[in-house]
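These notes concern the structure reproduced below.
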Amino acid sequence: MKHLDCEEVKQSVHEYLHSELHEPELDSVTAHLANCDSCEQHYDIEIVFNQVIQRSCDEAPTQELAERVMQRLREIQDHD
Amino acid sequence: MSQEKSEKLRSFEQQALPLMPQLYGAALRWTRNPSDAEDLVQETFSKAFVAWAKFEQGTNLKAWLFRIMTNTHINLYNKRNKDQAKTALDDLEDWQIGKGESITSISTRSAEAEAMDNLPSGVIKEALDQIPEEFRMVVYYAVVEGLPYAEIADVMGTPVGTVMSRLHRGKKLLKTLLSDYASQEGYRVEAGKE
């Protein structure tokens, strides 16, 4: 297994969290995280950051929009 | 209305329209206001409906709709040449983007996470709105929609490497904006709460 330093592990945080990291890098990062509080906390902060972003983007479309879109689709179909 | 025609509308209604919340969320990130977002959603669905026969059943419909939305947005609002999709920010070196510093002046990591968790949603959205749209959309698709890099690349019409670097840089830019906000607001978490 390739040994990674903290800088390299921190660089991989997004790929790790988005399941874009594959063997053998994944093993190396997982092994490092198990033994490094600093990197683990760095990852935890990124997880919280992602959750905060998800939470902030929670807008729902109005029922009027759904009706408007349906109306438009019927118009397109009628002119087809 | 012919049988075939109504079948087309029915299948589109059943498969595509339930994705309206996801499309609206993405449209809001593109346009940054509800009224333009609604227009973009309607235009995207209209284009998708016209092209419905070209959708390959069994492939990712949401990604197909997001891709139509990208093109629709570019045509409607930007009039931007696709070759200009690379922004000046892509050319900056990492150190020029800033370090994406911690949002508190306090060094403990748990305090950092707590301060971040306490940021109001409106502030996060404002920060998202301030970063360039190519970065904003990559962050949105990766973090909120959970799309794989390859699909984001497809939706945005860029190489996967660009997706990766825009995600890294987009989040750094966001963190820098949020740390500015936090320091202006005198956001503090009690020290020593580790």
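Line by line, the protein sequences give chains C and R.
Quick note on my numbering: the first sequence kicks off at 1318 and runs consecutively.
Quick note on my numbering: the second sequence kicks off at 1241 and runs consecutively.
Glycine is no exception: its CB is placed at the ideal position from the N, C-alpha and C atoms.
Keep in mind that this is a model prediction, so the values were computed, not measured.
Going by DSSP, what residue range makes up the alpha helix (DSSP H) through E1342 of chain C?
Unbroken alpha helix (DSSP H) run through E1342 of chain C: 1342-1352.
How would you write the range of the alpha helix (DSSP H) that H1331 of chain C sits in, first residue to last?
That run of the alpha helix (DSSP H) goes 1330-1334.
Is Y1264 of chain R close to chain C, meaning its C-beta is less than 8 Å from at least one C-beta of that chain?
With 8 Å as the cut-off, Y1264 of chain R counts as an interface residue toward chain C.
Starting from L1280 of chain R, trace the alpha helix (DSSP H) in both directions and tell me its first and last residue.
From DSSP, the alpha helix (DSSP H) with L1280 of chain R extends over 1274-1290.
As an exercise, report each continuous alpha helix (DSSP H) stretch of at least 4 residues that is fully enclosed by the region 1377-1424 of chain R, in chain order.
Secondary structure in the region 1377-1424 of chain R: the alpha helix (DSSP H) runs of 4 residues or longer, each lying completely within the stretch, are 1389-1396, 1400-1424 in chain order.
Evaluate contact between the region 1281-1290 of chain R and the region 1371-1384 of chain R, counting only Cβ atoms and requiring at least three cross-stretch pairs below 8 Å.
Verdict: no, contact absent.
Which of helix, strand or coil DSSP assigns to K1248 of chain R:
Assignment of K1248 of chain R by DSSP, reduced to helix, strand and coil, places it in the helix class.
Can you name the start and end residues of the alpha helix (DSSP H) that N1311 of chain R belongs to?
First-last of the alpha helix (DSSP H) with N1311 of chain R: 1301-1313.
Option in C:Q1371, C:E1376, C:L1382, C:T1379 with minimal Cα separation from V1384 of chain R:
Nearest option by C-alpha distance: C:Q1371.
Answer yes or no: do L1224 of chain R and A1303 of chain R have a C-beta to C-beta separation smaller than 8 Å?
Any property of residue 1224 of chain R remains undetermined from this structure, which presents chain R solely from 1241 to 1434.
Below 8 Å on the Cβ atoms is my guess for C1356 of chain C versus K1319 of chain C; work out the distance and round it to an integer in Å.
With a contact defined as Cβ atoms closer than 8 Å, C1356 of chain C and K1319 of chain C miss out at about 15 Å.
Once the 5 residues before and after Q1370 of chain R are set aside, which same chain residues still bring their CB inside 7 Å of it?
The residues are L1417.
Report the residue from R:E1373, R:R1307, R:E1425 whose alpha carbon sits nearest the alpha carbon of N1358 of chain R.
Of the listed residues, the one whose Cα sits closest to N1358 of chain R is R:E1425.
Starting from G1265 of chain R and walking both ways along the alpha helix (DSSP H), at which residues does that stretch end?
Per DSSP, the continuous alpha helix (DSSP H) segment holding G1265 of chain R begins and ends at 1260-1271.
Under the three-state reduction of DSSP, which class applies to F1366 of chain C: helix, strand or coil?
Note: F1366 of chain C maps to helix in three-state DSSP.
On the DSSP letters alone, give me the boundaries of the alpha helix (DSSP H) that K1365 of chain R sits inside.
Residues 1361-1370.
My guess is that L1301 of chain R and Q1255 of chain R are in contact by the Cβ rule of under 8 Å, so how many angstroms apart are they, rounded?
Right, the Cβ-Cβ distance comes to about 6 Å (below 8 Å), so this counts as a contact.
Chain-ordered neighbours of D1344 of chain C on chain R, where CB pairs are closer than 9 Å
Counting only Cβ-Cβ distances below 9 Å, D1344 of chain C has no contacts in chain R at all, with the closest Cβ about 20 Å away.
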